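K.L.:
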Amino acid sequence: MSDRIEALADQMTLEEKVSILSGEDFWSVPAVARLGIGKLRVTDGPNGARGGGSLIGGVKSASFPVGIALGATWNTELVREIGAALADEVKSKQAHMLLAPTVNIQRSVTNGRNFECYSEDPILSGELAVAYITGLQGEGIGATIKHFVGNESEIERTTMSSEIDERALREIYLIPFEWAVKKAQTWGVMSSYNRLNGTFTSEHNWLLTDVLRKEWGYDGIVMSDWFGSHSTAETVNAGLDLEMPGPPRDRGQKLIEAVQSGAVSEATLRQRAIAMLRLMQRVGSLEDHRDFKETADDRPEHRALIRRAGSEAAVLLKNNGVLPLRGDGTIAVIGPNAKIAQIMGGGSAQLNAHYRVSPWDGLVAAVGEDRLRYAPGCTNHRFEPVLRGSFRIEYFANEKLSGEPVQTGTQEDAQAFWIGHVAEGKVDPLHFSARLTGNYVPEVSGTHRVGIYSAGFARVFVDGKLIADAWTNWTKGRTFFEEGCDEVVGTVALEAGRAHEVVIEFATKDFATLGLAAFAAGIGLPLGGDAIAEAVRAARNADTAVVFIGRNGEWDTEGSDLPSIDLPGRQNELVAAIANANPNTIVVMQTGGPVEMEWIGSVAALIQAWYPGQEAGNAIADVLTGAAEPSGRLPQTFPVRWADNPAHSQDHEVYPGFEGKVRYDEGIFVGYRHYDRLGITPLFPFGFGLGYASFRLSDLSIDDAEFETEGNVMVGVTVTNTSDREGSAVVQLYVSDDASSDPRPAKELKAFSKVRLDAGESRRVTLALDARAFAFYRVKAKHWLVEDGSFTLLAGLSSTDLPLSGTVTRNTTLMLPV
């Protein structure tokens, strides 16, 4: 600790120390002007830096591939580059910390936030988290790894208790956080909303003090998730440094009184204040007194990096020789995601991207529009498509839309998400109303569906008639972080080419948890029953059909889980029909995780493209045309059916939770560990991916086959590119304990390396295994244990393609500290 930090802590009054332990507003910690301490600002991530604006609108930012897409790259150097680029983005928003990365484990395939997380595997998650944090903090921006810990589902996440045994915690769920602390020295950790074994994580002494600080040696800060603090003395004493957002609810005057009464000691308060001052010094906010100004910094090098990362994240799951596209034949471009750029998931990871490239746009740029034929085939939206155009918005300093508006403006679409600062501070953000007015000109005459959902009261008028009423009919649902109502839909007959006036009215209401106000209004014309038939005709008359399907940020979103892993709408029917019409059918899937694929046997190729950021269409077109190789590998097992997933159960306490508990009964058998244990064959296994090049592994070597120390065992493998083009291989190394006294998985990923090779090139890859790679956690003894005996090392290109093996033997038992 620096002398200056000590000196500042000595000079601070009780009130000043308390003031920096909670937010001033939604995105900042207050300055202490008397001592020259500047304001600390944070911004949401992980796939960009949104800045202090709302989830909708705000200053534009670069949109990078989402977490699961980065997980699919298996490329730590690429992720480090992205971390460094994100530091630039954070600086453009004049912030000091990024609320990222997200490293919760993909326990269930229906978790709405899986898209934001790296993997089902703790080692892959941990390695990528270390790379991301290293890149970010290397440029002076603080990382805030989240959500610590046990937030693997979104349903009732603010009250649910994740019941996880200590062994599963140590071997699966804590590892990414442990590595972030020990290997990357993360400056920030965010506690999760949920309880852990009955206690809120924000006031969990064992978690925040015993494990994080005493065992791992952490010296950064712990902040709450937004509105995730539930007490005063309990959180401070347990190790929560910062309550967010502000103004304080559980701190401020309450904390002053807790110190004065002795419920919180002066020494503990000083510890918390010093942690915050140390963070401010690290990120440079201690002396940052600039006037606040956010900018949209659209850099060419960021565009190129996003495009490269997007193509590298793409996983080629099937290819009967139709890819990459060849020749100059016609291409039928089909599907609900063909002309819509699905670049990110929903929730706090949303941002206002500089631009969005759709697959159609990418293909037009790559091959020319004259070769393309388009048909949507079906829709996949969860809500009616948001109405876009030019809208005038009026704000009222009351909840009745009465009097003169205190602020007016314009916006491009019929949605809003207000949090904190509203209407340039001219209205109370918890007590105001607003009116949007604009026109909608339909392309087709007919009966249209008008939808509205809102966190607050809202209603839609078309040509002066009330059509959708979420005002008098408001009922709490699962939108807007479970603070909004479900969509209310009405119908209205509209005439093509005519400007129909649309008015949306909104007013705030009281909420128990989050101080937000939001709505989204949409208008859609259901596709006719012949939409699939039209798509079939387009496919039949083309040389190749490319079908763009999947989900979007309405489905893959924070705040709600998926109802199933079926494709929404009629997409399964569409794919089957197109594949029947054209044998050269290629499917491009954009989702935040696996789906059931009843049509997989009938299509010629399948690419899993995830949500790859603002360059989505260009990255996908690069892969389709062969300008880039799809070098991604699955970071999550794709099951044949939802019921095969380890969290799927008839017992609702196992998932999604019941009466305040969600039991992690599978313990350490998460992801591929579960499929191995039960002998279930997945649709596509963990670590799998094809690419356009082919590879052979050979000559496995072990430098210490009888290891007796805590030093590394070095494992060598030769990788040969056996094809006529360059490509990337991901060498994966798994460890299997041949005879353990406690149950262990059949194998566990312990190291990996991605290597790019020219055609015909061979290269030696060396992987290091430390003692922990052979250990399991012995709960009663409270330590890691490497038992004497033999261990089989398995090397290959996926969790089920492991052609090389070797044996390591240990003659004595080794106990490792936590």
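Numbering that gives the first Met the number 0 puts the first residue of the sequence shown at 0, with every later residue one more than the last. C-beta atoms are modelled at their ideal positions from N, C-alpha and C, and glycine is treated no differently. As the structure is a computational prediction, the values presented were derived from the model and not from experiment.
1) If we ignore side chains and look at the alpha-carbon of each, how far apart do N836 and G690 end up?
2) Per DSSP, what kind of secondary structure is E162 in: helix, strand or coil?
3) Across which residues does DSSP place L828 in a beta bridge pair?
4) With which residues is M96 paired in a DSSP beta bridge?
5) Would you please state the rounded distance, in angstroms, between the beta carbons of T478 and D485? I believe it to be under 8 Å.
6) Please state whether the Cβ-Cβ distance between L20 and E233 is less than 8 Å.
7) Can you tell which of W73, D800, D369 has its C-alpha closest to the C-alpha of D327?
8) According to DSSP, is A544 helix, strand or coil?
9) Over what stretch of residues does the alpha helix (DSSP H) that includes F291 continue unbroken?
10) How big is the Cα-Cα spacing for L561 and W554?
11) Decide yes or no for the touch test of the region 578–592 against the region 504–524: beta carbon pairs closer than 8 Å, at least 3 of them.
12) Determine the contact status of I36 and M343, defining contact as a CB-CB distance below 8 Å.
13) Tell me which residues share the same chain as T101 and place their Cβ nearer than 6 Å to its Cβ, disregarding the 5 neighbours each side in the sequence.
14) Just list the residues that DSSP pairs W417 with in beta bridges.
15) Quick check on V440: buried or exposed, where buried means 16 or more other Cβ atoms within 10 Å of its Cβ?
16) Enumerate in chain order the residues of its own chain whose CB-to-CB distance from V449 is below 8 Å, with the five nearest sequence positions on each side excluded.
17) Tell me the rounded alpha-carbon separation between K90 and I140.
18) At the level of alpha carbons, what is the spacing between W225 and G51?
19) Grab the span of the beta strand (DSSP E) containing M222 for me, first residue to last.
20) Using the C-alpha atoms, what's the distance from G528 back to N571?
21) Checking the sheet assignment: what are the DSSP bridge partners for D468?
22) Nearest to E658 by alpha carbon, out of G111, L97, G197, T294?
23) For the ligand ZN, is there any heavy atom lying closer than 7 Å to the beta carbon of R497?
24) Return yes when the Cβ of P681 is within less than 8 Å of the Cβ of P638, no when it is not.
25) Applying the 10 Å Cβ sphere with the 16-neighbour rule, what's the burial state of G321?
26) Taking the alpha carbon of N579 as the point to measure from, which residue in V535, D290, E725, L386 has its own alpha carbon closest?
27) What is the rounded straight-line gap between the Cα of G558 and the Cα of R809?
28) When the Cα of T818 is compared with those of A128, V729, F25, I585, which residue comes out closest?
29) Would S804 be called buried (16 or more neighbouring beta carbons within 10 Å of its own) or exposed?
30) List the endpoints of the continuous alpha helix (DSSP H) containing H301.
31) By the 10 Å Cβ neighbour count, where 16 or more other Cβ atoms means buried, how is M596 classified, buried or exposed?
32) Got a sec? Which residues, its chain only, sit under 8 Å from Q10 by beta carbon, not counting five neighbours each side?
33) Decide if R497 is buried, meaning its Cβ has at least 16 other Cβ atoms within 10 Å, or exposed.
34) Could you name each continuous beta strand (DSSP E) segment of 3 residues or more that falls completely within the region 73–119, going from the start of the chain to the end?
35) Express the C-alpha separation of V31 and K16 in angstroms, rounding to a whole number.
36) Report the partner residues of L127 according to the DSSP bridge assignment.
P.N.:
In terms of the structure at hand:
1) Residue 836 falls outside the range modelled here, since the chain spans only 0 to 817, and no answer is possible.
2) Along the sequence shown, one-based indexing puts residue 162 at 163. Looking at E162 - three-state DSSP - the assignment turns out to be strand.
3) Missing from the structure shown is residue 828; the chain here goes from 0 to 817 and no further.
4) Position 97 of the sequence shown holds residue 96. Note: M96 sits in a beta bridge opposite V41, G141.
5) Your numbering for residue 478 matches position 479 in the sequence shown. Your numbering for residue 485 matches position 486 in the sequence shown. Right, their Cβ atoms sit about 7 Å apart.
6) Position 21 of the sequence shown holds residue 20. Position 234 of the sequence shown holds residue 233. Cβ distance not < 8 Å, so L20 and E233 don't count as in contact.
7) Numbered from its first residue, the sequence shown carries residue 327 at position 328. Considering only alpha carbons, the answer is D369.
8) For the purposes of this step, residue 544 is taken as the residue at position 545 of the sequence shown. Note: A544 maps to strand in three-state DSSP.
9) As a working note, residue 291 is residue 292 in the sequence shown. Taken as a continuous stretch (DSSP letters only), F291 belongs to no alpha helix (DSSP H), as it is neither H nor E.
10) Within the sequence shown, numbered from 1, the residue matching residue 561 stands at position 562. Within the sequence shown, numbered from 1, the residue matching residue 554 stands at position 555. So the alpha carbons of these two residues sit roughly 7 Å apart.
11) no
12) Start at 1 with the first residue of the sequence shown, and residue 36 comes out as number 37. Start at 1 with the first residue of the sequence shown, and residue 343 comes out as number 344. In this structure, M343 does not lie closer than 8 Å to I36 by Cβ.
13) The count along the sequence shown starts at 1 and reaches residue 101 at position 102. Same-chain partners within the cutoff: P45, G66, E115, C116, K145.
14) To locate residue 417, count along the sequence shown from 1; it is residue 418. DSSP, once it has assigned bridges, lists A516 as partnering W417.
15) Locating residue 440 in the sequence shown gives position 441, where the first residue counts as 1. When all chains shown are included, V440 counts as exposed.
16) Stepping through the sequence shown from its first residue, residue 449 is reached at position 450. If we look at V449 and ignore the five residues flanking it on each side, its Cβ neighbours are E383, V459, V461, I466, A467, V488, G489, T490, V491, A520, G521, I522.
17) By one-based count along the sequence shown, residue 90 stands at place 91. By one-based count along the sequence shown, residue 140 stands at place 141. The straight-line gap from Cα to Cα measures roughly 8 Å.
18) The count along the sequence shown starts at 1 and reaches residue 225 at position 226. The count along the sequence shown starts at 1 and reaches residue 51 at position 52. Distance between the alpha carbons of W225 and G51: 14 Å.
19) Residue numbering aside, residue 222 sits at position 223 when the sequence shown is read from its first letter. That run of the beta strand (DSSP E) goes 220–222.
20) The residue labelled residue 571 in the question sits at position 572 within the sequence shown. The residue labelled residue 528 in the question sits at position 529 within the sequence shown. So the alpha carbons of these two residues sit roughly 15 Å apart.
21) As a working mapping, residue 468 is identified with position 469 in the sequence shown. In the DSSP output, where bridge partners are listed per residue, D468 has R458.
22) Taking the first residue of the sequence shown as 1, we reach residue 658 at position 659. For E658, the nearest C-alpha among the options comes from G197.
23) With respect to small molecules bound, the structure shown includes none, and the ligand ZN cannot be examined in it.
24) Taking the first residue of the sequence shown as 1, we reach residue 638 at position 639. Taking the first residue of the sequence shown as 1, we reach residue 681 at position 682. Yes, the pair counts as a contact, with Cβ atoms nearer than the cut-off.
25) For the purposes of this step, residue 321 is identified with residue 322 of the sequence shown, where counting begins at 1. Sequence check: residue 321 is Val here, not Gly. The residue is buried, with at least 16 neighbouring Cβ atoms inside 10 Å.
26) The residue given as residue 579 occupies position 580 in the sequence shown. Of the candidates V535, D290, E725, L386, the one whose C-alpha sits nearest the C-alpha of N579 is V535.
27) Sequence index remark: in the sequence shown, residue 558 carries index 559 (1-based). Sequence index remark: in the sequence shown, residue 809 carries index 810 (1-based). Cα to Cα, G558 sits roughly 47 Å from R809.
28) Limits of the chain in this structure are 0 at one end and 817 at the other, which puts residue 818 out of reach.
29) Indexing the sequence shown from 1 puts residue 804 at position 805. Classification of S804: exposed, given that the 10 Å Cβ count is below 16.
30) As a position in the sequence shown, residue 301 is number 302, starting the count at 1. Here the alpha helix (DSSP H) through H301 covers 299–312.
31) As a working mapping, residue 596 is identified with position 597 in the sequence shown. Per the 10 Å Cβ criterion, buried.
32) Here residue 10 refers to the residue found at position 11 when the sequence shown is read from its first residue. L34, listed in sequence order.
33) The residue given as residue 497 occupies position 498 in the sequence shown. Exposed, since its Cβ has fewer than 16 Cβ neighbours within 10 Å.
34) 96–98
35) Numbered from its first residue, the sequence shown carries residue 16 at position 17. Numbered from its first residue, the sequence shown carries residue 31 at position 32. Distance between the alpha carbons of K16 and V31: 9 Å.
36) Within the sequence shown, residue 127 is the residue found at index 128, counting from 1. For L127, which the question treats as bridged, DSSP gives no partner whatsoever.
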